[in-house]
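Chemist: Below: one structure in structure tokens.
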Amino acid sequence: MIRARMRMAIAKLRALWRRRQADEELAREIATHLALLEEEFERSGMSPEEARRAARHRIGGVEQAAQAHRDERSILWLEQVRQDIRQALRAFFRKPGFTAVAVATLAIGIGVNTTLFTAYDAVALKPLPVANPSLVVRLERWFANGSLGDAQYAFSWPEYRYCQHHQDVFSALVATSWPVRVRATLSGHRETRQLPALTGQLVSGNYFRSFGVDAKLGRMFGPETDGAAGAHPVIVLSYDFWRREFSSSPSIVGSLVKIDGTMFSIIGVAPRDFTGTSLLPEVPDFWAPASMQAQLVPGYDWLRAAKDDHFQILGELAPNAGLGRAQAQTAALIHQFSRTYVSTNPTLNVTLQHTAFFGNTSDPRFQAGVAAVMLIVLMVLLVACANVANMLLARGAARQREIGLRLALGASRSRVIRQLITESVLLALAGGLSGLALSIAASRLLREAVVRMLNAQLGSSFAFSLNLSPDWRVIAYALVLSVMAGIVFGLSPALQFSRPELAGSIRDETTSFGGRLHRSHLRNLLIAAQVAVSMVLLTCSGLLVRGLIRSQSASPGFDTRQVFLLLVDYGDNAAQSASVFHRLVSRLQKTPQLDSVAYGRGPMMGTWTPPVLVHRSGAVNGVEHGRTLASYASRNYFRTLGIALLRGRDFTRQESAAGSHVAVISEATARRYWPGEDPIGRHFQLDLHFNGKLSEYEVVGVVKDVRFANLTRIDPAHVYLAPNPQGTYPILLNTGMNQHAALAAIWGAVAHVDRNLVSSADLWNAQTMLIRPQRTLARVMALFAAGLALLAIVLSGVGIYGVMAYVVSQRTQEIGIQMALGARAGDVLRSLALWGLKPVAAGMLIGLACGAAVSAVLHSTLVLPGSSDFLYGVHYYDPLTFLGISVFLVAVSLLASLGPAVRAIRVDPIIALRYE
Amino acid sequence: MPIQILQGTLDLMILRTLAALGPRHAYAIATRLEQVSDDLLRVNQGTLYPALVRLEQNGWIQGSWGRTENNREAKYYAITKAGVKALREETERWRQMAAVVDKMLAEES
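From first to last, the protein sequence lines stand for chains A and B. So that you can map any letter, position 458 of the first sequence is 458 in the numbering used here, and since no number is skipped, the others follow by simple counting. If you want the numbering used here, it's the 1-based position in the second sequence plus 1000.
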């Protein structure tokens, strides 16, 4: 039975492709049939003429028989789909211009969306490069004080060992540390040389085996390395590092590398695909056994300290253990272990999170951000869809006769709708494929841009692990999006044109005066929505462009050309690095080629905005709360940067060295907390660690307001504190006029203090490394916004033009009559243009409101003193921008709607009246 | 007045014709059906050809091009092994069905 059905289905599918041959055979069969009938009739005494007629009469409709035959031998609906597709393709090739514009419009919409999805896919959906990614989970802890972030993934080695020994829900449990930075010297067979600063990960011995990662070269280390501490000085290189540093030389395996005085041997290279399991999109340079921690990170004992949270724990779920049971057991184990030590911030719960390249993609803040961006680009796609719908509507007007004819000839309505939907889905698929190609190119560019930006920020050794090449998800997304788009923009024209009453329209449907107006609601809605979206995008980009113009001339307010930042990696040993740091500082201070030397937070390098509390009689309850930027700054810091001291004094040598609780504040801070008073000698309190513990500071000086946290705005509040003696900071150097000699002297000083420091030290010019990237960022953002806005305005313009062209073509006869009756061209034109502008005006109002709302949201982020003001001080509801954009949009809409209107009034009334 | 062919019976009659007479072309099948029924059946080409396709796709008959006595080309249909088996089953089923219908009609009157 089943075999018979299969045979039938195969025969029918084959018939789909043998259509012409089958038709021809049938024709031959019927011809013979006719001939034989004729012979029979002739034998019965008819004349040949009569016989032929009788035979034809007898056999019935040949065409119907042929059609019945076709229906029988093939699968009806498939046959119809084939017909629909062929017909659609024919229609497309007949109108190549229309097709090209529609496909390009959709390609843009789908391309933008797919690019964004590619990025999201790489960040949140692509599985880790391990053997069974769907089974791998990451442990996440939830703290009593509710703090969120990377700390939630941090566990100590003893915790890991405890879980590993007592669990039975994972087939493997592995631990991997956060990246550690080390300095190394290669002692190879042929050469000995200093390597750049390396980033490594300490991992449990079962790491590679559990994840099914085999060596590309040499071998990987195994669980035996979890034994005695310090007994396995081996490392495995990442493919990326091997290629970058050793030009993929296979002889590197077996070489020795000296890290912090311990010789490690390179035993293998990881495969190319294995880019690590870190929370950050960075490929480590090497992996080492966790048991080597004391050698790699001297001065600590991570392997025994129950509170040193330096490891992430990843588990591969055992085949029979559900996620729920595994989670319950893990939480119980961590809880049991927590009784063995005292914690100020206990863990309440542990959950298991499915892993992706970023740890916190399930964070609602991340998801909200993604959703917001997705929404914006979806709007672009919607505009594109609305356009194509309008184009189809306009074109459909010309096709109404064809469709009416098909309906009149007996095609069912559903058949006609199917035909029209097939056309639009085909169109959308063509657009989707072009969009996919577009997005692949765009993703490549994006990755290149991100890598460059990160390299500029973090040094050239950064290996970016995100893979932005399209996988099946991206392709599926693009295809689903196109099919959905096809249905969205195809359905309404299809429904409209297949209305049964249109069957009567073969004759005279275009004569109706305004009788069709009710159906233009949808079109008006589309136009209004398009204009609204364009309006929002245009106002945003308008504001950003104005910000861009300001950003190019914005001055930080202090010297940047002569100021250099010396950033050195002193290693992870706190006490040792502080002593090296201070030796370096005093050496530099004694260097005569330098005008001034200080240390502290580098400008334009992120923000730290602790809560601040000021006791003051004028405030509510006598206490003023707020947030302020805070920076550590040594003595001579202001002199080095060229920030003028307005009142009071700089820190003394003693205060600076001891980290006394004294502060120099900015003018704005003084105005904000002590308006009209002298702030010198006043006190304020800072919650330095965001834990409610307040530290009191005394104001000793006031300095000029500058743009310090970022270039976008003058710091709203900023306190400079004497630095912590145990910390290490960027060293700020003012080279004076003779820069060349000064730079040489700096490097000399670094080498003098410790030769090994040279390789890990970066010397940044404040102008090129700190100011320029910000201007670049402003440019990139403005460009991005302008690009989107340009897309939107072009799409809207095309849309408005399409609708007007359609409407005017519908009303040509009416216009002809008006003209014939003596209406003036100007009046007709005006009424047409006004009619066309009505939905534009509605859309613009909505767009203005939405634009203002977006502005308000952006504006509200400025409450934090450290956040960037992307508008560089342009007013968020800048009337010039809002007004200018509105005028611009009206002009574009007028232009788009005037073209068809002018064409209509130029038509000779006689011709217009004859027009069908 | 010709009678309408009952749904599904045409296939059976074609199979029977081919089993009895050997390979025949469509015209001969139609003629035969009309003869047997004393011209009570008029076979419409719109149903005959689809039925032939259906039977062929089922693998019950096999068509091949040949020549008539007058040297006209025609497609000859022959019953296959599977067709013979199907004819047996279908005949049995028709008999049962007809018996049931007869019985019902007899009771009614």
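Glycine included, every Cβ here is placed at the ideal spot set by N, Cα and C. Source: prediction; values computed, not measured.
Are A745 of chain A and S541 of chain A touching if we call contact CB-CB under 8 Å?
Modeler: On the first sequence, residue 745 of chain A is found 745 positions in, with the first residue counted as 1. On the first sequence, residue 541 of chain A is found 541 positions in, with the first residue counted as 1. No, these two residues do not count as a Cβ contact at 8 Å.
Chemist: Which of helix, strand or coil does DSSP assign to D71 of chain A?
Modeler: Stepping through the first sequence from its first residue, residue 71 of chain A is reached at position 71. The answer is helix: DSSP assigns D71 of chain A an H, G or I state.
Chemist: Please decide whether V1101 of chain B counts as near chain A, where near means a Cβ-Cβ distance under 8 Å.
Modeler: Taking the first residue of the second sequence as position 1, residue 1101 of chain B is located at position 101. Closer than 8 Å: no.
Chemist: Let me check understanding here. Comparing Cα to Cα, which of A:W242, A:R193, A:L543 lies closest to A215 of chain A?
Modeler: By one-based count along the first sequence, residue 215 of chain A stands at place 215. If we check each option's Cα against that of A215 of chain A, A:W242 comes out closest.
Chemist: Beta-carbon within less than 6 Å of G843 of chain A's beta-carbon, same chain only, minus the 5 sequence neighbours each way: which residues are those?
Modeler: The residue you call residue 843 of chain A lines up with position 843 of the first sequence. For G843 of chain A, where only same-chain residues beyond five positions count, the Cβ hits under 6 Å are A528, V531, A532.
Chemist: Starting from the Cα of W674 of chain A, find the closest Cα among A:L645, A:W17, A:H615 and give me that residue.
Modeler: For the purposes of this step, residue 674 of chain A is taken as residue 674 along the first sequence, with counting starting at 1. For W674 of chain A, the nearest C-alpha among the options comes from A:H615.
Chemist: Assign Q293 of chain A to buried or exposed, taking buried as 16 or more other Cβ atoms, counted over all protein chains shown, within 10 Å of its Cβ.
Modeler: What you label residue 293 of chain A is simply residue 293 of the first sequence in a count that begins at 1. Buried.
Chemist: Which two residues bound the contiguous alpha helix (DSSP H) that contains P271 of chain A?
Modeler: As a working mapping, residue 271 of chain A is identified with position 271 in the first sequence. Unbroken run through P271 of chain A: none, as it is neither H nor E.
Chemist: Would you call the CB atoms of A430 of chain A and V103 of chain A closer than 8 Å?
Modeler: As a position in the first sequence, residue 430 of chain A is number 430, starting the count at 1. As a position in the first sequence, residue 103 of chain A is number 103, starting the count at 1. For A430 of chain A and V103 of chain A, yes; Cβs fall inside 8 Å.
Chemist: Return the CA-CA distance between M1013 of chain B and L1033 of chain B, expressed in angstroms with no decimal places.
Modeler: Taking the second sequence and counting its residues from 1, the one referred to as residue 1013 of chain B is at position 13. Taking the second sequence and counting its residues from 1, the one referred to as residue 1033 of chain B is at position 33. If you take the alpha carbons of M1013 of chain B and L1033 of chain B, they lie about 8 Å apart.
Chemist: Taking Q818 of chain A as the query, report the chain B residues whose CB atoms sit under 8 Å from its CB, ordered along the chain.
Modeler: Your numbering for residue 818 of chain A matches position 818 in the first sequence. Those do not exist, as Q818 of chain A stays about 54 Å from chain B at its closest Cβ, beyond 8 Å.
Chemist: Contact between the segment 365–373 of chain A and the segment 763–781 of chain A is defined here as three or more beta-carbon pairs at a separation below 8 Å; is this criterion met?
Modeler: No, because fewer than three Cβ pairs between the segment 365–373 of chain A and the segment 763–781 of chain A fall closer than 8 Å, the two stretches do not touch.
Chemist: Measure from the C-beta of R1093 of chain B to each C-beta in chain A and report whether the shortest distance is under 8 Å.
Modeler: The residue given as residue 1093 of chain B occupies position 93 in the second sequence. It does not; no Cβ of chain A falls within 8 Å.
Chemist: In angstroms, rounded to a whole number, what distance separates the CA positions of R452 of chain A and T115 of chain A?
Modeler: What you label residue 452 of chain A is simply residue 452 of the first sequence in a count that begins at 1. What you label residue 115 of chain A is simply residue 115 of the first sequence in a count that begins at 1. If I take the Cα positions, the gap works out to 19 Å.
Chemist: Check F98 of chain A in the structure and name its three-state DSSP category.
Modeler: As a working note, residue 98 of chain A is residue 98 in the first sequence. Note: F98 of chain A maps to helix in three-state DSSP.
Chemist: So which residues of chain A does V1053 of chain B contact, with C-beta pairs closer than 7 Å?
Modeler: As a working mapping, residue 1053 of chain B is identified with position 53 in the second sequence. Result: H69, E72, R73.
Chemist: Measure the C-alpha to C-alpha separation of P133 of chain A and N387 of chain A and round it to an integer number of angstroms.
Modeler: Position 133 of the first sequence, counted from the first residue, corresponds to residue 133 of chain A. Position 387 of the first sequence, counted from the first residue, corresponds to residue 387 of chain A. Between P133 of chain A and N387 of chain A, the C-alpha separation is close to 42 Å.
Chemist: Figure out for me which residue from A:S555, A:A841, A:R219, A:S44 has the closest Cα to the Cα of I771 of chain A.
Modeler: Translated into positions along the first sequence, residue 771 of chain A becomes position 771. Looking at the Cα atoms, A:S555 is the closest of the given residues.
Chemist: Could you tell me which chain B residues have their CB closer than 7 Å to the CB of K95 of chain A, listed as they occur along the chain?
Modeler: Taking the first residue of the first sequence as position 1, residue 95 of chain A is located at position 95. What K95 of chain A touches in chain B: nothing, since even the nearest Cβ is about 37 Å away.
Chemist: According to DSSP, is G701 of chain A helix, strand or coil?
Modeler: On the first sequence, position 701 is the one that residue 701 of chain A refers to. Strand at G701 of chain A.
Chemist: In the DSSP output, which residue or residues are listed as bridge partners for H521 of chain A?
Modeler: For this step, residue 521 of chain A is matched to residue 521 along the first sequence. According to DSSP, which records beta bridges pairwise, H521 of chain A is partnered with nothing at all.
Chemist: Return the first residue and the last residue of the beta strand (DSSP E) that T185 of chain A is part of.
Modeler: The residue you call residue 185 of chain A lines up with position 185 of the first sequence. Its beta strand (DSSP E) spans residues 184–187.
Chemist: Compare the Cα-Cα distances from L1018 of chain B to each of B:K1081, B:E1069, B:P1050, B:A1099 and report the closest residue.
Modeler: Here residue 1018 of chain B refers to the residue found at position 18 of the second sequence. Comparing Cα-Cα distances from L1018 of chain B to each of B:K1081, B:E1069, B:P1050, B:A1099, the minimum goes to B:K1081.
Chemist: Going by DSSP, what residue range makes up the alpha helix (DSSP H) through K216 of chain A?
Modeler: Taking the first sequence and counting its residues from 1, the one referred to as residue 216 of chain A is at position 216. Unbroken run through K216 of chain A: none, as it is neither H nor E.
Chemist: Taking C-beta to C-beta, are D595 of chain A and N734 of chain A nearer than 8 Å?
Modeler: Taking the first residue of the first sequence as position 1, residue 595 of chain A is located at position 595. Taking the first residue of the first sequence as position 1, residue 734 of chain A is located at position 734. Going by C-beta atoms, D595 of chain A is nearer than 8 Å to N734 of chain A.
Chemist: What in chain A is Cβ-close to Y1161 of chain B, meaning under 8 Å?
Modeler: Not covered by the structure: residue 1161 of chain B. The range shown for chain B is 1001 to 1109.
Chemist: From the beta carbon of A1074 of chain B, is the nearest beta carbon of chain A less than 8 Å away?
Modeler: For the purposes of this step, residue 1074 of chain B is identified with residue 74 of the second sequence, where counting begins at 1. A1074 of chain B counts as touching chain A.
Chemist: Three or more beta-carbon pairs under 8 Å between the segment 300–316 of chain A and the segment 173–190 of chain A, yes or no?
Modeler: Taking 8 Å as the limit for Cβ pairs, the verdict is that the segment 173–190 of chain A does touch the segment 300–316 of chain A.
Chemist: Looking only at C-alpha atoms, which of A:E423, A:T347, A:T609, A:N206 sits nearest to Y720 of chain A?
Modeler: In the first sequence, counting from the first residue as 1, residue 720 of chain A sits at position 720. Closest option to Y720 of chain A, Cα to Cα, is A:T609.
Chemist: Mapping DSSP to helix, strand and coil, what is V597 of chain A?
Modeler: Reading the first sequence from its first residue, position 597 is the one you call residue 597 of chain A. Strand, per DSSP.
Chemist: Can you tell which of A:N621, A:Y637, A:A575 has the C-alpha that lies nearest to the C-alpha of P603 of chain A?
Modeler: To locate residue 603 of chain A, count along the first sequence from 1; it is residue 603. Comparing Cα positions, the closest option is A:Y637.
Chemist: With 8 Å set as the bound, which would you pick, yes or no: does the beta-carbon of Q64 of chain A sit closer than that to a beta-carbon of chain B?
Modeler: Residue numbering aside, residue 64 of chain A sits at position 64 when the first sequence is read from its first letter. True, the Cβ-Cβ gap to chain B drops below 8 Å.
Chemist: To the nearest angstrom, how far is the alpha carbon of Q152 of chain A from that of W835 of chain A?
Modeler: On the first sequence, residue 152 of chain A is found 152 positions in, with the first residue counted as 1. On the first sequence, residue 835 of chain A is found 835 positions in, with the first residue counted as 1. Roughly 60 Å separates the two Cα atoms.
Chemist: Can you pull the chain B residues whose beta carbon is under 7 Å from the beta carbon of K926 of chain A, in chain order?
Modeler: Because residue 926 of chain A is not part of the residues shown, which for chain A are 1 to 916, the question remains open.
Chemist: Using the Cα positions of V236 of chain A and G268 of chain A, report the straight-line distance between them to the nearest angstrom.
Modeler: Stepping through the first sequence from its first residue, residue 236 of chain A is reached at position 236. Stepping through the first sequence from its first residue, residue 268 of chain A is reached at position 268. Straight-line Cα distance between these residues: approximately 5 Å.
Chemist: Quick one: grab the DSSP three-state call for S171 of chain A.
Modeler: Within the first sequence, residue 171 of chain A is the residue found at index 171, counting from 1. Strand.
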